[in-house]
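Engineer: Mind looking over this structure? Questions follow.
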Amino acid sequence: MSIDLKHVIEDFNDSGLDKLIVKLDHVAYRVKIGERLTTMQSMMNLLPYREFKNFKIIRANAITTCIKLHDTLPVIVISEGLNEDSIVEKYCQKYGSRVHHLAYLVKDIDKVVAIQKSRGVHFTSEKVIGSESEGIKQIFTMPTETTNHIIEYIQRFGDFDGFFTPNNVENLMISTAKLGES
Ligand SMILES: [Fe+2]
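Structural data, given as structure tokens:
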């Protein structure tokens with residue numbers, strides 16, 4: 000099968016998406032139990048990453064650490080399951096410790112999702128997760144065919160500068176459970 004990339008780009012630009020998608024925001028890893036600190040150590044040994052934020056994701060039985068390089072994006076987000084039942088640990092038992100998703104900052108997430116749905120793109124949740132009042136809206140696409148990672152679309156509102164809210168990240172993680180990971 001030949002793939003016509005020119006046609007892919009034209010179709011993408013015609014949809015208006017190129018003006019709505021801004022830049023890479025964060026890279027999220029899922030690692031096996033006990034490997035979060037080792038992953039942080041490796042990154043910090045190679046690059047000037049510094050610990051930025053930590054979150055415990057109760058419903059997904061996971062802990063997530065964000066590390067930042069100076070004031071630049073993308074931030075690296077590393078999640079580790081707290082027990083064998085965790086969605087994160089089940090994912091890692093299936094695929095190993097690896098990149099789970101790449102998140103891209105967008106200007107109007109509802110518009111991006113509506114356009115993508117009309118183009119046949121599928122998402123892990125029916126609706127966008129989060130709200131303007133919470134300062135953040137996010138959604139996951141289904142994993143890519145070859146490298147099996149997810150694309151996240153993310154939009155922030157007001158002065159919110161986080162990468163998720165505890166409620167959002169739980170809903171996002173739980174939305175991936177149906178991918179045969181748990
Ligand atoms: Fe994310």
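Residue numbers (numbering that gives the first Met the number 0): 0 to 181.
Positions of the beta carbon are idealized from the N, C-alpha and C atoms, including for glycine.
#1: Does the distance from the CB of Thr164 to the CB of Ile86 come in under 8 Å?
#2: Indicate, with yes or no, if ligand 1 has a heavy atom lying under 7 Å from the CB of Glu79.
#3: For Leu4 and Gln92, I'd like the C-alpha separation in whole angstroms.
#4: Tell me which residue opens and which closes the beta strand (DSSP E) that Ile128 is part of.
#5: Starting from the N-terminal end, write out each residue whose C-beta falls within a distance shorter than 5 Å of any non-hydrogen atom of ligand 1.
#6: From Ile173 to Ala59, what does the alpha carbon distance come to, in whole angstroms?
#7: Could you tell me which residues DSSP puts in a beta bridge with Asn147?
#8: Could you please give the first and the last residue of the uninterrupted beta strand (DSSP E) stretch that includes Leu4?
#9: Of the choices Asp13, Ala27, Glu79, whose alpha-carbon is the least far from that of Thr37?
#10: Does the distance from the C-beta atom of Asn147 to that of Tyr94 stay below 8 Å?
#11: Just the Cα atoms here: how many angstroms apart are Ser181 and Leu101?
#12: Any beta carbon of chain B sitting closer than 8 Å to that of Pro73?
#13: When you compare each of His6, Asp70, Gly119, Ile138 to Val105 by their alpha carbons, which one comes out closest?
Structural biologist: According to the data block:
#1: For the pair Thr164 and Ile86, the CB atoms are not nearer than the 8 Å cut-off.
#2: When distances are taken from the beta-carbon of Glu79 to the heavy atoms of ligand 1, even the shortest one reaches 7 Å or more.
#3: Going from the Cα of Leu4 to the Cα of Gln92 covers about 35 Å.
#4: Its beta strand (DSSP E) spans residues 128 to 130.
#5: Having a Cβ closer than 5 Å to some heavy atom of ligand 1 are Ala27, Ala102, Glu151.
#6: Near 7 Å, if we compare the C-alpha coordinates of Ala59 and Ile173.
#7: In DSSP, Asn147 forms no bridge with anything.
#8: Not the beta strand (DSSP E): Leu4 falls in the alpha helix (DSSP H), residues 4 to 13.
#9: For Thr37, the nearest C-alpha among the options comes from Glu79.
#10: Contact: yes.
#11: Because the pLDDT of Ser181 is 46, which lies under 50, any placement of that residue in the model is unreliable, and the number read from its coordinates should be weighed accordingly. So the two alpha carbons sit approximately 21 Å from each other.
#12: Among the protein chains of the structure shown there is no chain B, as only one such chain exists.
#13: Selection His6, Asp70, Gly119, Ile138 evaluated against Val105 yields Ile138 as nearest (Cα-Cα).
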